[in-house]
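**Q** In the numbering used here, the protein residues as written are 1 to 263.
We treat Cβ as the ideally placed atom computed from N, Cα and C, and that holds for glycine.
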């Protein structure tokens, strides 16, 4: 059973509390580099999906989102098309737009695609891993560990670390593909780390990756990244399977109660 996007917070809270949302709110306060209406709608929707505010299966209505952000419906529709192409939203016949809902098998598939891509990016990064770049990665890893008490912030910093490693490959399209795959998995990763209260479960292996980059060992760097990406794939897929099973039982119970009222 899906929810409706009408249950939104007051417009004053529309930017949320994620680091990306805070940067956007600050940008609007200062007036510097004001985003276009399309950028505003895209970032608003993306942040709400990635933060778990809009959970998988939730139905979204363009008119309500447009009113909350303070833009027309057109930039919201354009943002929806972009997020649909990126896999975060799905347009369903007779149901409109919903937040994409992955099966456990699709979750594993995304990890299986992501592992060789990020492994390749890490291999290529060896060539460009200057001491300055490695220090930057060390600082990213330290910031990530400082955030272990806050699973939402931890995931943002975990994603930042992976993105910086990928950018060292100097392969823009490769980085874009890897980023899109991480975005599709991120809502489930947030639910998983929140339920387990232990972000470090999914943080295993970063030290090994950075050590391989520092040693300029391309084979070991690639293998370490592949292993890291796949480390929790099955566990997260099992978590998604159980969550969806429980949701099905709850929805079934509601349906049975409604049916009894008409007997």
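Leaving out five residues on either side along the sequence, give the residues of the same chain with a beta carbon under 7 Å from the beta carbon of residue 230.
**A** Correct list, in chain order: 111 and 115.
**Q** In the DSSP assignment, the beta strand (DSSP E) including residue 99 goes from what residue to what residue?
**A** Here the beta strand (DSSP E) through residue 99 covers 96-99.
**Q** Closest to residue 216 by C-alpha separation, out of 82, 127, 98 and 104, would be which residue?
**A** Minimum Cα distance to residue 216 is reached at 127.
**Q** How should residue 219 be labelled, buried or exposed, when 16 other C-beta atoms within 10 angstroms of its C-beta is the threshold for buried?
**A** Flag for residue 219 reads exposed.
**Q** Reducing DSSP to helix, strand and coil, say where residue 246 ends up.
**A** In this structure, residue 246 counts as helix in the three-state DSSP scheme.
**Q** Check whether the segment 88-107 touches the segment 232-239, counting contact only when three or more Cβ pairs, one atom from each stretch, lie closer than 8 Å.
**A** Yes, since at least three Cβ pairs between the segment 88-107 and the segment 232-239 fall closer than 8 Å, the two stretches touch.
**Q** Tell me, to the nearest whole angstrom, how far the beta carbon of residue 133 is from that of residue 168; I am working on the premise that it is less than 8 Å.
**A** At roughly 6 Å, the Cβ-Cβ gap stays under 8 Å, so residue 133 and residue 168 are in contact.
**Q** Could you compute how far the alpha carbon of residue 143 sits from the alpha carbon of residue 49?
**A** Distance between the alpha carbons of residue 143 and residue 49 is about 24 Å.
**Q** Measure the C-alpha to C-alpha separation of residue 76 and residue 87 and round it to an integer number of angstroms.
**A** Rounded to the nearest angstrom, the two C-alpha atoms are 16 Å apart.
**Q** Apply the 10 Å Cβ neighbour rule to residue 70 and answer buried if 16 or more other Cβ atoms are within range, or exposed otherwise.
**A** Its Cβ having fewer than 16 others within 10 Å, residue 70 is exposed.
**Q** So, are the CB atoms of residue 118 and residue 165 less than 9 Å apart?
**A** Yes, the Cβ-Cβ distance between residue 118 and residue 165 is below 9 Å.
**Q** Out of 186, 193 and 182, point me to the one whose CA is closest to residue 148's CA.
**A** Closest by alpha carbon: 193.
**Q** Buried or exposed: which applies to residue 176, given that a residue is buried once 16 or more other Cβ atoms fall within 10 Å of its Cβ?
**A** Exposed, by the Cβ-count rule.
**Q** Check whether the segment 171-188 and the segment 43-60 touch, using three or more Cβ-Cβ pairs below 8 Å as the test.
**A** A contact exists between the segment 171-188 and the segment 43-60.
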